[in-house]
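S.K.: First, the structure itself, so that you have it in front of you.
There are 2 protein chains.
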Amino acid sequence: MLENKEPTKTPLDSLGEFALIDHLTKSATTSLPSTVLGIGDDAAVLKHDGETIVSTDMLIEGIHFDLAFMPLKHLGYKAVVVNLSDIYAMGAQATQVLVSLAVSNRFPLEAVEELYAGIHLACKTYGVDLVGGDTTSSQQGLQLSVTALGTAPKTGAVLRSGASENDLLVVSGDIGGAYMGLQVLARENEVFKANPKHQPDLEPYSYLVERQLKPEARKDVISLLQDLKVRPTSMIDISDGLSSEVMHLCKQSEVGCRLYEDKIPLDPQFINVCEEFSLDSTTIALSGGEDYELLFTIKQGDFTKIKGNPNLTVIGHMTAKGTEPSLVTRAEEVIPLKAQGWKAF
Amino acid sequence: MLENKEPTKTPLDSLGEFALIDHLTKSATTSLPSTVLGIGDDAAVLKHDGETIVSTDMLIEGIHFDLAFMPLKHLGYKAVVVNLSDIYAMGAQATQVLVSLAVSNRFPLEAVEELYAGIHLACKTYGVDLVGGDTTSSQQGLQLSVTALGTAPKTGAVLRSGASENDLLVVSGDIGGAYMGLQVLARENEVFKANPKHQPDLEPYSYLVERQLKPEARKDVISLLQDLKVRPTSMIDISDGLSSEVMHLCKQSEVGCRLYEDKIPLDPQFINVCEEFSLDSTTIALSGGEDYELLFTIKQGDFTKIKGNPNLTVIGHMTAKGTEPSLVTRAEEVIPLKAQGWKAF
Numbered sequence: 003m004l005e006n007k008e009p010t011k012t013p014l015d016s017l018g019e020f021a022l023i024d025h026l027t028k029s030a031t032t033s034l035p036s037t038v039l040g041i042g043d044d045a046a047v048l049k050h051d052g053e054t055i056v057s058t059d060m061l062i063e064g065i066h067f068d069l070a071f072m073p074l075k076h077l078g079y080k081a082v083v084v085n086l087s088d089i090y091a092m093g094a095q096a097t098q099v100l101v102s103l104a105v106s107n108r109f110p111l112e113a114v115e116e117l118y119a120g121i122h123l124a125c126k127t128y129g130v131d132l133v134g135g136d137t138t139s140s141q142q143g144l145q146l147s148v149t150a151l152g153t154a155p156k157t158g159a160v161l162r163s164g165a166s167e168n169d170l171l172v173v174s175g176d177i178g179g180a181y182m183g184l185q186v187l188a189r190e191n192e193v194f195k196a197n198p199k200h201q202p203d204l205e206p207y208s209y210l211v212e213r214q215l216k217p218e219a220r221k222d223v224i225s226l227l228q229d230l231k232v233r234p235t236s237m238i239d240i241s242d243g244l245s246s247e248v249m250h251l252c253k254q255s256e257v258g259c260r261l262y263e264d265k266i267p268l269d270p271q272f273i274n275v276c277e278e279f280s281l282d283s284t285t286i287a288l289s290g291g292e293d294y295e296l297l298f299t300i301k302q303g304d305f306t307k308i309k310g311n312p313n314l315t316v317i318g319h320m321t322a323k324g325t326e327p328s329l330v331t332r333a334e335e336v337i338p339l340k341a342q343g344w345k346a347f
Numbered sequence: 003m004l005e006n007k008e009p010t011k012t013p014l015d016s017l018g019e020f021a022l023i024d025h026l027t028k029s030a031t032t033s034l035p036s037t038v039l040g041i042g043d044d045a046a047v048l049k050h051d052g053e054t055i056v057s058t059d060m061l062i063e064g065i066h067f068d069l070a071f072m073p074l075k076h077l078g079y080k081a082v083v084v085n086l087s088d089i090y091a092m093g094a095q096a097t098q099v100l101v102s103l104a105v106s107n108r109f110p111l112e113a114v115e116e117l118y119a120g121i122h123l124a125c126k127t128y129g130v131d132l133v134g135g136d137t138t139s140s141q142q143g144l145q146l147s148v149t150a151l152g153t154a155p156k157t158g159a160v161l162r163s164g165a166s167e168n169d170l171l172v173v174s175g176d177i178g179g180a181y182m183g184l185q186v187l188a189r190e191n192e193v194f195k196a197n198p199k200h201q202p203d204l205e206p207y208s209y210l211v212e213r214q215l216k217p218e219a220r221k222d223v224i225s226l227l228q229d230l231k232v233r234p235t236s237m238i239d240i241s242d243g244l245s246s247e248v249m250h251l252c253k254q255s256e257v258g259c260r261l262y263e264d265k266i267p268l269d270p271q272f273i274n275v276c277e278e279f280s281l282d283s284t285t286i287a288l289s290g291g292e293d294y295e296l297l298f299t300i301k302q303g304d305f306t307k308i309k310g311n312p313n314l315t316v317i318g319h320m321t322a323k324g325t326e327p328s329l330v331t332r333a334e335e336v337i338p339l340k341a342q343g344w345k346a347f
């Protein structure tokens, strides 16, 4: 599909490097007052009041995504969103991104344009400026690197290390969907490879597939918490899996925790598809990853402020220093949590 | 050489992702007051007085470097330095870097440690903090992405667009060496492939090889200009080639220029090796790239401040809007400048 065998497609090397960058970034007009200078010089110039937040991530074809079922526009969108998620996980506002792209000549210009359409859409959706990056060729495949910047709240960034004993553990949205979306897509791809005339019906899986292909970062939750005047004591985003992220908070805050299996928020479609695949929904929810929900702790006194909010679920509480992070099962057994999240190696 | 066939080497996948990151970044203690929080959370937290400068670059195996003659420690050093160079090219001070690395399992842990040794050395040499990054596997080869941050001078960043007619065009150091260093290394590598017992004698080429393998960013020139109270009107670093960079300044400042062939600073070793390779030294100096010297313009009134400084050479002057960027040859011919710099595609 992506091989440039069609004569109507434009080979990438027909443009020079500078012309390509100009072409791809011409719609990257900047709109934030904190962007003093965007693309076009040796570096971008930003003016952040207070603290600057910065994070970077790399996405590698064949490791982080499979172009057999990840459309390029979605890939561009997701690459930006997962980086913005890291900024929101500091309680901060995302303001700028830089996107670097290495791409082999098997991709025509039109494919790279699709990718950038997703990048621009994510920037527009989240109100961030694209202020820089790099575009180069690769020997094989597609590699993306995104750096996101933001501004911390005046009260300071929310770290992983601020949780105390008795703080409540809260998660936004629901968990595990992105992983099961990937399982559905991988299954359909296997069927397609065996029978290229197969038309997949993804309708019964639409929520899960969207969680995988078009995740959203919880900018809205940061705003919500500000409106509710709740300042989380610690926070992290769920990229590797709930279990792994809970353990990060515990380790860096030097506390234990009790996570209640029956409190973990699961979408009905997720539960159904886990049954269809004969997978245990709790195991997937704990280990699945890529949900980009926010996991945070709050003081018990703030509970009434968030109680009943459909976006937020209390799933446990932090325990004393020296205690283990543990899962309380539906059978009321207490078992140690294990990090079984996604592994890059 | 890099294949992990030796049982004494440690496979990368014997560590988990988090243990690997911990291992590689444990020596990344931060020392700048502007680094509020370094590696270990969702993002780094920085406190920059005034404007923040940010730039990012990707380095791809087989495109930007060849591990047959680029030792990994040098690669790590160079990857950081070329990004810092972009920060200095804004007249700014570099303060922090983030480094992302994708690496296939053919690299043992010891190879990645070598790479990080170079990254840490560059950070130490330039006084910048390593505050973040990402480490992941790749399907093939090694991909590096570096983001550098810095702080602009109070008078504002020096842009490419600030040159005016009659401003003097100045370059630091000497030009073309990095490209000829690459030619020497590539030739020795061909000889080595034909005869693996061949012992290369790089001594006569030591300066050029060092320019290629261990380039330095001109932090010292930024300090020098501050000491001399010279504020450049425009500036760029020489990554793609002198000719290409001169044309960037002209285009973005909307002026022309006259560049004098006989003024271009060349090292004697560079001239000798160009003769040995039967290459025209001016052509190489104009098109070579990767020198990471600074190219800038100053007001004529500042000439006396820089006159005679061995680090700085006036190589031309800017001409009126609408005139062409041109080269005045030794034969006093005036010919249009062409950008023949390094192409990524």
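First to last, the protein sequences are chains A and B.
Just so we're on the same page, this note's numbering is the position in the first sequence counted from 1, plus 2.
Just so we're on the same page, this note's numbering is the position in the second sequence counted from 1, plus 2.
Glycine included, C-beta positions come from ideal geometry on N, C-alpha and C.
Here's a check: name, in chain order, each residue in its chain whose Cβ is nearer than 6 angstroms to the Cβ of GLY175(A), leaving out the five neighbours to either side.
M.R.: Excluding positions up to five away in sequence, the list reads GLU295.
S.K.: May I ask you to verify whether the segment 273-292 of chain A touches the segment 161-175 of chain A, counting CB pairs closer than 8 angstroms and requiring at least 3?
M.R.: no
S.K.: Flag GLN228(A) as yes if its beta-carbon sits less than 8 angstroms from any beta-carbon of chain B, otherwise no.
M.R.: no
S.K.: Give me the Cα-Cα distance between SER328(B) and LEU144(B), rounded to the nearest whole angstrom.
M.R.: Looking at the two C-alpha atoms, the distance is approximately 40 angstroms.
S.K.: Classify ILE41(A) as helix, strand or coil using the three-state DSSP reduction.
M.R.: Annotated three-state conformation of ILE41(A) is strand, per DSSP.
S.K.: Please report the straight-line C-alpha distance between SER36(A) and THR54(A), rounded to a whole angstrom.
M.R.: 11 angstroms
S.K.: At the 8 angstroms Cβ level, is HIS50(A) part of the contact set with chain C, yes or no?
M.R.: No chain C is part of this structure, whose protein chains are labelled A and B.
S.K.: Can you pull the chain A residues whose beta carbon is under 9 angstroms from the beta carbon of VAL47(B), in chain order?
M.R.: GLU53, THR54, ILE55, VAL56, MET92, ALA94, ALA154, GLY158, ALA159, LEU161
S.K.: Using DSSP with H/G/I as helix, E/B as strand and the rest coil, what is GLN271(A)?
M.R.: helix
S.K.: Can you tell me where the alpha helix (DSSP H) holding THR284(A) begins and where it ends?
M.R.: 283-289
S.K.: Quick check on LEU214(B): does DSSP put it in helix, strand or coil?
M.R.: A small correction: the amino acid at residue 214(B) is Gln; Leu does not occupy that position in the sequence shown. Helix at GLN214(B).
S.K.: Quick one: is ASP264(A) near chain B, going by C-beta distance under 8 angstroms?
M.R.: False, the Cβ-Cβ gap to chain B never drops below 8 angstroms.
S.K.: Give me, in chain order, the residues of the same chain whose beta-carbon lies closer than 7 angstroms to that of ASP269(B); leave out the 5 immediate sequence neighbours on both sides.
M.R.: Within the same chain, ASP269(B) has close Cβ partners ASP176, GLY179, TYR209.
S.K.: For a contact meaning CB atoms closer than 7 angstroms, what does VAL38(A) contact in chain B?
M.R.: GLU53
S.K.: For TYR118(B), does the three-state DSSP call read helix, strand or coil?
M.R.: helix
S.K.: Going along the chain, which residues of the segment 65-79 of chain B sit with their C-beta nearer than 7 angstroms to a C-beta in chain A?
M.R.: ILE65
S.K.: Under 8 angstroms by Cβ, that's how I've got PHE272(A) and MET182(A) pegged, so tell me the actual separation to the nearest angstrom.
M.R.: That pair is a contact at about 6 angstroms.
S.K.: Kindly list, in the order they appear in chain A, the residues whose Cβ is closer than 8 angstroms to that of LEU117(B).
M.R.: Near LEU117(B) there are no residues of chain A at all, since even the closest Cβ is about 15 angstroms away, more than 8 angstroms.
S.K.: For MET3(A), count neighbouring Cβ atoms within 10 angstroms of its own Cβ and tell me buried if that reaches 16, exposed if not.
M.R.: Low confidence applies here, because MET3(A) scores a pLDDT of 43, under 50, leaving its location unreliable and the question unanswered by this model.
S.K.: Go ahead and label ALA196(A) buried or exposed: buried means 16 or more other beta carbons lie within 10 angstroms of its beta carbon, across all protein chains shown.
M.R.: exposed
S.K.: Let me see if you follow: with CB-CB separation under 8 angstroms, is ASP59(B) close to chain A or not?
M.R.: yes
S.K.: Look at CYS2(B) and GLY258(B) and say whether their C-beta atoms are less than 8 angstroms apart.
M.R.: Residue 2(B) lies beyond the residue range present for chain B, which begins at 3 and ends at 347; the question has no answer from this structure.
S.K.: I'd like to check one pair, VAL101(B) with LEU69(B): are the Cβ atoms closer than 8 angstroms?
M.R.: no
S.K.: Along the segment 263-295 of chain B, where does the CB come closer than 7 angstroms to a CB of chain A? Name the residues.
M.R.: Taking 7 angstroms as the cut-off between beta carbons, none of the residues of the segment 263-295 of chain B comes near chain A.
S.K.: Is the shortest distance between the beta-carbon of SER245(B) and the beta-carbons of chain A less than 8 angstroms?
M.R.: no
S.K.: On the DSSP bridge list, what partners appear for ALA104(B)?
M.R.: THR138(B), GLN145(B)
S.K.: How many Å lie between GLN15(B) and PRO155(B) at the Cα?
M.R.: According to the sequence provided, residue 15(B) is Asp. The question's Gln does not apply to it. Rounded to whole angstroms, ASP15(B) to PRO155(B) spans 44 angstroms at the Cα level.
S.K.: Quick one: what does DSSP say TYR207(A) is sitting in, helix, strand or coil?
M.R.: helix
S.K.: Following the continuous alpha helix (DSSP H) through ARG189(A), name the residue where it begins and the one where it ends.
M.R.: 179-196
S.K.: Going by the beta-carbon positions, is the gap between LEU187(A) and PHE71(A) smaller than 8 angstroms?
M.R.: yes
S.K.: Under 8 angstroms between beta-carbons, which chain B residues line up against ASP304(A)? List them in chain order, please.
M.R.: Under the 8 angstroms cutoff, chain B gives no residues; its nearest Cβ is about 21 angstroms from ASP304(A).
S.K.: According to DSSP, which residues form a beta bridge with ILE298(A)?
M.R.: One point to set straight first is that residue 298(A) is Phe, not Ile, in the sequence displayed. Answer is VAL172(A), MET237(A), bridged to PHE298(A).
S.K.: By Cβ distance below 7 angstroms, which residues in the same chain neighbour ALA91(A) in space, the five residues on each side in sequence not counted?
M.R.: MET237, ILE238, ASP239, LEU296
S.K.: For chain B, check one thing: does any of its Cβ atoms lie closer than 8 angstroms to the Cβ of ASP136(A)?
M.R.: Yes - at least one Cβ of chain B is within 8 angstroms of the one on ASP136(A).
S.K.: Go ahead and label VAL193(B) buried or exposed: buried means 16 or more other beta carbons lie within 10 angstroms of its beta carbon, across all protein chains shown.
M.R.: It counts as exposed.
S.K.: What are the start and end residues of the beta strand (DSSP E) that includes HIS2(A)?
M.R.: Lying outside 3 to 347, the shown extent of chain A, residue 2(A) is not represented and no answer is given.
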